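Student: Position 28, counted from 1, in the sequence shown is what numbering that gives the first Met the number 0 calls 27; the numbers after and before it change by one each time, with no gaps. Got a structure for you, written out below as C-alpha cells; questions coming shortly.
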Amino acid sequence: MIAVRKGGQGGPRLVFVHGGSGSWRMGAELLFMLSPHVRWWAVDLPGHGDSPPGRYDVEGVAAVLAEWARAELDGPAWWYGHSYGGQVALATAAACREAFAGLVIGDAPLSAQAMYRLVEQSSERLRRWRDWCGRPESELLGLLGAESAGERTYAELFGLDHPYLTGMAYSLHRHDPAFLDALLDDREGVYGCLDRSGDWLEAVPGPVSLLRGDPAVLALSSERDAMLVREHGGTVRTVDGVGHSLHQTAPAVIADILMSFIHQAVPKP
Numbered sequence: 000m001i002a003v004r005k006g007g008q009g010g011p012r013l014v015f016v017h018g019g020s021g022s023w024r025m026g027a028e029l030l031f032m033l034s035p036h037v038r039w040w041a042v043d044l045p046g047h048g049d050s051p052p053g054r055y056d057v058e059g060v061a062a063v064l065a066e067w068a069r070a071e072l073d074g075p076a077w078w079y080g081h082s083y084g085g086q087v088a089l090a091t092a093a094a095c096r097e098a099f100a101g102l103v104i105g106d107a108p109l110s111a112q113a114m115y116r117l118v119e120q121s122s123e124r125l126r127r128w129r130d131w132c133g134r135p136e137s138e139l140l141g142l143l144g145a146e147s148a149g150e151r152t153y154a155e156l157f158g159l160d161h162p163y164l165t166g167m168a169y170s171l172h173r174h175d176p177a178f179l180d181a182l183l184d185d186r187e188g189v190y191g192c193l194d195r196s197g198d199w200l201e202a203v204p205g206p207v208s209l210l211r212g213d214p215a216v217l218a219l220s221s222e223r224d225a226m227l228v229r230e231h232g233g234t235v236r237t238v239d240g241v242g243h244s245l246h247q248t249a250p251a252v253i254a255d256i257l258m259s260f261i262h263q264a265v266p267k268p
C-alpha cells in the first residue's frame, strides 16, 4: 500500500497528489497553509517518497490510488494533482467516482503526444535525475542547485534553502530510478492512456478546473488542453506570474485558489 500523510483541522476533505519524481514533501508548505481550513491527505505515489515501487503507467498508478481511496476516505474529497499527479488524479476519478467531490489539475498536459514530446525535450535532465536517485540529500541539494534555471542556477534563483530544492533532494534520495527508466524507455506505456483524457473528464462527478502555469514563465499544459477541459464542462485558470511549479513557488496563491474553487465551484451540468 502507498504511504500517505494526513492532517488538517477539519472542513472539506482534500487529497494532494504530487508530480513525477516528487513526493508529498513538494506540497508541505501548501498543506501547512490549508491545514486550518481542510482535512488533507498527501499521497506518495508508487516508487516516490516512502511508497514501495510499482507500476508507473498513469492508469496503473490510478488503480492503486483508487484502491486506497475506497479503503481510506470517509467520503468524497476535493483532489489537487500536479503535473503527472494531475494526470493520475484524473484517471483515478474515472476509476473511483465516489471518491471525488471535484478536481483541480495542476498544469498537466492531457495528451499522449504532448508527453512524448516533453519526455524527449527533457531526456537529458531525466537521465541525470535517474543517476542521482538514492544519493544523500546534502549532495542532491548541491546538484539540484547547480542545475540551470535560464540564465542562472536554481541556487542563485531561489537559494539552497528553498522548499523546491529541499523537497526535490528529499524526493530523489527516496526515488525509484525505475520510474525514470519507464519515462525514458517506455513513454508509450506510461502515457499512451492519456488519449482517453476526454472520457476521464466526462466521468468526473463534480467540478473540474485546469490550473495553468503562466506561459510567459513556463506552462506545460496547452491551449489544446484548455479547450478539452472546457469541452467537457470544466473551467480553466492561468496563474499570472507563476510557472509550472505552481504551489512549489507560490503556495499562498495556490492555497487561495484551491479554497475559492472548493467554496465557489459550480456543479457540472
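Backbone N, C-alpha and C define an ideal beta-carbon position, used for all residues, glycine too. Note that the coordinates shown come from a computational prediction; the quantities given were computed from them, not determined experimentally.
Do you know how far the Cα of D239 is from the Cα of W128?
Tutor: Roughly 29 Å between the two C-alpha positions.
Student: Return no unless some Cβ of chain D is closer than 8 Å to the Cβ of L33.
Tutor: The displayed structure is made up of one protein chain only, and chain D is not part of it.
Student: Kindly give me the distance between the Cβ atoms of P52 and D180, rounded to whole angstroms, as I take these residues to be in contact under 8 Å.
Tutor: Their Cβ separation, rounded to whole angstroms, is 11 Å, which puts P52 and D180 out of contact at 8 Å.
Student: Could you pull out every residue in the same chain whose Cβ sits closer than 6 Å to the Cβ of A249, ignoring the five residues on either side in sequence?
Tutor: Excluding sequence neighbours, A249 sits near V241.
Student: Let's test the definition: count the other Cβ atoms within 10 Å of the Cβ of A70 and tell me whether it reaches 16, buried, or not, exposed.
Tutor: A70 comes out exposed.
Student: Express the C-alpha separation of L209 and D251 in angstroms, rounding to a whole number.
Tutor: According to the sequence provided, residue 251 is Ala. The question's Asp does not apply to it. Approximately 18 Å, taken between the alpha carbons.
Student: Do L109 and A254 have their CB atoms nearer than 8 Å?
Tutor: In this structure, A254 does not lie closer than 8 Å to L109 by Cβ.
Student: Would you report the Cα separation of G85 and G105, rounded to the nearest angstrom?
Tutor: Cα to Cα, G85 sits roughly 6 Å from G105.
Student: Just to confirm, are S122 and L217 a CB contact at a threshold of 8 Å?
Tutor: Cβ atoms of S122 and L217: not closer than 8 Å.
Student: Using DSSP with H/G/I as helix, E/B as strand and the rest coil, what is E105?
Tutor: A small correction: the amino acid at residue 105 is Gly; Glu does not occupy that position in the sequence shown. It is a strand residue.
Student: Would you please state the rounded distance, in angstroms, between the beta carbons of R124 and G48? I believe it to be under 8 Å.
Tutor: About 20 Å; that fails the 8 Å criterion.
Student: For my contact list, V103 and Y79 are in at a C-beta cut-off of 8 Å; report their separation, rounded to the angstrom.
Tutor: Contact flag correct, Cβ pair sits at about 5 Å.
Student: Shortest alpha-carbon distance to G205 belongs to which of E58, W39, P35 and C95?
Tutor: If we check each option's Cα against that of G205, C95 comes out closest.
Student: For A90 and W131, I'd like the C-alpha separation in whole angstroms.
Tutor: Each residue's alpha carbon lies about 29 Å from the other.
Student: Can V60 and L44 be called in contact, C-beta distance under 8 Å?
Tutor: Contact flag set, yes.
Student: Per DSSP, T234 forms a beta bridge with which residues?
Tutor: Per DSSP, S208.
Student: Less than 8 Å between the CB atoms is what I'm expecting for V63 and V3, so what's the real figure, rounded?
Tutor: About 11 Å; that fails the 8 Å criterion.
Student: Can you find the residues in the same chain that come closer than 7 Å, C-beta to C-beta, to L245, ignoring five residues on each side of it along the sequence?
Tutor: Contacts found: H81, G105, D106, L210, G212, V238 and I253.
Student: Since W50 and S170 should fall inside the 8 Å C-beta cutoff, what is the C-beta to C-beta distance between them, to a whole number of angstroms?
Tutor: First, the amino acid is wrong: residue 50 is Ser here, not Trp. The pair is not a contact, with the Cβ atoms about 11 Å apart (cut-off 8 Å).
Student: Give me whichever residues DSSP pairs with S274 in a beta bridge.
Tutor: Summary: the structure shown does not reach residue 274, with the chain confined to residues 0 through 268, and so no result is reported for it.
Student: Where do the N-terminal and C-terminal ends of the alpha helix (DSSP H) with Y163 fall, by residue?
Tutor: Note, Y163: alpha helix (DSSP H), P162 to R173.
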